[in-house]
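In our numbering, the protein residues as written are 1 to 313.
Here a beta-carbon is modelled for each residue, glycine too, at the ideal position from N, C-alpha and C.
Reading through the structure tokens given below for one structure.
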Ligand code: UDP
Ligand code: MG
């Protein structure tokens, strides 16, 4: 049984050798048959050299190197596409996905009922408080407005059967939100909980704003509720103005028409104008996604793989 390990890496020169060492301990101890697939997502440091080194020394280490940074989602997709194993796992290189969990995951997935063993953090210890707060909010919002269930604290770290990975690869959309895709394809997932682990070395490449953008993408990709909300708000303000109109006409007929009330008029105009812009913004967000999707651009571009090592320029 071959286990493929997909590892997206972006500027991880420090972590690659440490990660490999930790994983090798597991492989040797449990006599697993591993296939490593490192994906170099346009790193500007020596990550690629580290991958080349490993691939030169071990024939079960493979790598894909992108022509630029395409993002973790693209790296995951490319890695999964190149796997040949019977079981496939995706892992961060920073050891925040503890390799020690792997043997348990392999045991659990042997059960015919289980197609995927996922992992979730039972605590968010060590994470900034604001970040935890917004993560919680994100999950409660998206689970309310999307049919695709997303488990709070679930990580991308998971062990999947070939069948499930093939299903994931069928979803070749350009705007990828893996957490949603993993859940959208269905299959039976068993979750293992573990305590949050902090990154061993290097730095996270996710700023607060990047995460915020990522969560908005998640919502837009897996729910059309914001669109309905915009339409509903429009309908509601129409109804409200119709009622107000009747009220004003009757009042003018009874009390005459002194020129008062213009400040409230300005406020109302501003409010309605704001609603219109907001709705346009929401619609624009979806159109932007359609725009990118219809271009049918490749999700990633490969510049080099382990097979190129002896190729002359
Ligand atoms: N990563 C990537 N491309 C990117 C950003 C990140 O391949 O553009 C990789 C990164 O090298 C790591 C994993 O994705 O292996 C998770 O990233 P990170 O640890 O920075 O995220 P966090 O754990 O803080 O959410
Ligand atoms: Mg990390």
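Alpha-carbon to alpha-carbon, residue j and residue i
i           : j           : result
residue 220 : residue 52  : 38 Å
residue 269 : residue 228 : 23 Å
residue 61  : residue 6   : 11 Å
residue 183 : residue 159 : 13 Å
residue 37  : residue 210 : 26 Å
residue 135 : residue 248 : 46 Å
residue 11  : residue 43  : 5 Å
residue 233 : residue 239 : 10 Å
residue 208 : residue 47  : 25 Å
residue 262 : residue 242 : 18 Å
residue 24  : residue 79  : 19 Å
residue 302 : residue 67  : 6 Å
residue 194 : residue 123 : 8 Å
residue 282 : residue 294 : 19 Å
residue 292 : residue 285 : 11 Å
residue 185 : residue 250 : 58 Å
residue 40  : residue 8   : 6 Å
residue 55  : residue 105 : 26 Å
residue 65  : residue 196 : 29 Å
residue 267 : residue 102 : 60 Å
residue 139 : residue 246 : 43 Å
residue 235 : residue 149 : 29 Å
residue 306 : residue 81  : 15 Å
residue 59  : residue 276 : 59 Å
residue 260 : residue 226 : 37 Å
residue 18  : residue 86  : 26 Å
residue 264 : residue 77  : 54 Å
residue 31  : residue 190 : 24 Å
residue 288 : residue 304 : 31 Å
residue 28  : residue 97  : 19 Å
residue 131 : residue 137 : 10 Å
residue 252 : residue 144 : 45 Å
residue 216 : residue 57  : 42 Å
residue 167 : residue 110 : 19 Å
residue 206 : residue 33  : 33 Å
residue 72  : residue 133 : 23 Å
residue 256 : residue 274 : 32 Å
Per DSSP, cross-strand counterpart(s) of residue i
i           : result
residue 35  : 4
residue 121 : 194
residue 40  : 9 and 65
residue 185 : Paired residues: none, contrary to the question.
residue 158 : 90 and 118
residue 246 : None, per the DSSP bridge assignment.
residue 305 : 64
Residue i vs residue j beta-carbon contact at 8 Å
i           : j           : result
residue 83  : residue 146 : no
residue 70  : residue 300 : yes
residue 176 : residue 74  : yes
residue 179 : residue 154 : yes
residue 120 : residue 151 : yes
residue 192 : residue 117 : yes
residue 230 : residue 279 : yes
residue 35  : residue 2   : yes
residue 272 : residue 237 : yes
residue 126 : residue 198 : yes
residue 169 : residue 181 : no
residue 203 : residue 95  : no
residue 99  : residue 26  : yes
residue 188 : residue 115 : yes
residue 108 : residue 162 : no
residue 15  : residue 93  : yes
residue 218 : residue 290 : no
residue 156 : residue 90  : yes
residue 214 : residue 297 : no
Note to self: Any residue with its C-beta under 7 Å from a non-hydrogen atom of the ligand MG counts. Can you list them all in chain order?
What the structure shows: 92, 94, 96, 199 and 204
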